[in-house]
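Chemist: My structure is below; once you've seen it, I'll send some questions.
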Amino acid sequence: MLKNRRYLDLVLPQVFNSAQKTQECLSILIADIDYFKQFNDNFGHKAGDIVLKLVSQAVQSVMRTSDLAYRYGGEELVFILPNTNIEVAEIIAEEIRQKIKNLQYEYSYNFLTGVTISIGVAGFPEHTQSCDDLLQFADRALYQAKAQGRDQVVVIDPNAIHLF
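Under the numbering used here, the first residue of the sequence shown carries the number 1, and numbering increases by one thereafter.
Have a look at this one:
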């Protein structure tokens, strides 16, 4: 139900250029289902496919009509949030994280216990003036969320950007 990475590669520069021209905020979220490979190994790929579908549905229930969602990789997702500042993007990311964490309560699949997601957040113009950097900074924030224990939202630290 989500568009793929090729479509993201076409749309993101257009949305970014539009935000630059109008000087509107733009936020990017990159999310990764925690320990998805282990999940597939333990429960099988059919269960993994169910998780991907349920995560996709959960995410779409949180997203606004103006937001765009893409499957970036196997279990990675990217969200483009037009006209959204970092504070609102962090709130949306946290809503997504909580929704995923509570999937077990919404469905009767026992294997959903413990499914979590880590999310990295970056924004224009707060963090960068470059479309490529915006995606890269959200990805760095995602890796920071994973390094800090997973199942959390991390906004890229503007003071640490120069280190990249």
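Each residue gets a CB set at the ideal place from its N, CA and C atoms; glycine is no exception.
1. Distance, Cα to Cα, residue 164 vs residue 21?
2. Got a sec: is the Cβ-Cβ distance from residue 160 to anything in chain D below 9 Å?
3. Check whether the Cβ atoms of residue 121 and residue 8 sit closer than 9 Å, and answer yes or no.
4. Taking the Cβ atom as the reference point for each residue, do residue 54 and residue 112 lie within a distance shorter than 9 Å?
5. Could you tell me which uninterrupted alpha helix (DSSP H) segments, each at least 4 residues in length, are contained entirely in the segment 71-134, listed from first to last along the chain?
6. I'd like to confirm the pairing. Which residues does DSSP put opposite residue 18 in its beta bridges?
7. Would you tell me roughly how many angstroms separate the C-alpha atoms of residue 70 and residue 5, rounded to the nearest one?
8. So the candidates are 149, 129, 63, 3; which of them puts its Cα closest to the Cα of residue 73?
9. Where residue 151 and residue 119 are concerned, what is the direct C-alpha to C-alpha distance, given to the nearest angstrom?
10. Using a Cβ-based criterion (distance less than 8 Å to any ligand heavy atom), does residue 92 qualify as near the ligand ATP?
11. Rounded to a whole number of angstroms, what is the C-alpha to C-alpha distance between residue 89 and residue 81?
12. Given this structure, state the Cα-to-Cα distance separating residue 124 from residue 58, to the nearest angstrom.
Modeler: The relevant details are as follows:
1. Sequence index remark: in the sequence shown, residue 164 carries index 164 (1-based). Sequence index remark: in the sequence shown, residue 21 carries index 21 (1-based). Low confidence applies to residue 164: its pLDDT is 49, below 50, so where it sits in the model is not reliable, and the reading given next is rough at best. For residue 164 and residue 21, the distance between alpha carbons rounds to 26 Å.
2. Looking for chain D here will not work: only one protein chain is present.
3. Residue mapping note: residue 121 aligns to position 121 of the sequence shown, counting from 1. Residue mapping note: residue 8 aligns to position 8 of the sequence shown, counting from 1. Going by C-beta atoms, residue 121 is not nearer than 9 Å to residue 8.
4. Here the question's residue 54 lines up with position 54 in the sequence shown. Here the question's residue 112 lines up with position 112 in the sequence shown. Yes, Cβ-Cβ distance for residue 54 and residue 112 is below 9 Å.
5. List check, alpha helix (DSSP H) in window: 86-101, 103-106.
6. Translated into positions along the sequence shown, residue 18 becomes position 18. Answer by DSSP bridge pairing: none, since residue 18 is not bridged.
7. Here the question's residue 70 lines up with position 70 in the sequence shown. Here the question's residue 5 lines up with position 5 in the sequence shown. If you take the alpha carbons of residue 70 and residue 5, they lie about 6 Å apart.
8. In the sequence shown, counting from the first residue as 1, residue 73 sits at position 73. Of the candidates 149, 129, 63, 3, the one whose C-alpha sits nearest the C-alpha of residue 73 is 3.
9. Position 151 of the sequence shown, counting from 1, holds the residue named residue 151. Position 119 of the sequence shown, counting from 1, holds the residue named residue 119. Answer to the nearest angstrom: the Cα atoms are 8 Å apart.
10. With respect to small molecules bound, the structure shown includes none, and the ligand ATP cannot be examined in it.
11. For this step, residue 89 is matched to residue 89 along the sequence shown. For this step, residue 81 is matched to residue 81 along the sequence shown. If I take the Cα positions, the gap works out to 7 Å.
12. Position 124 of the sequence shown, counted from the first residue, corresponds to residue 124. Position 58 of the sequence shown, counted from the first residue, corresponds to residue 58. Looking at the two C-alpha atoms, the distance is approximately 26 Å.
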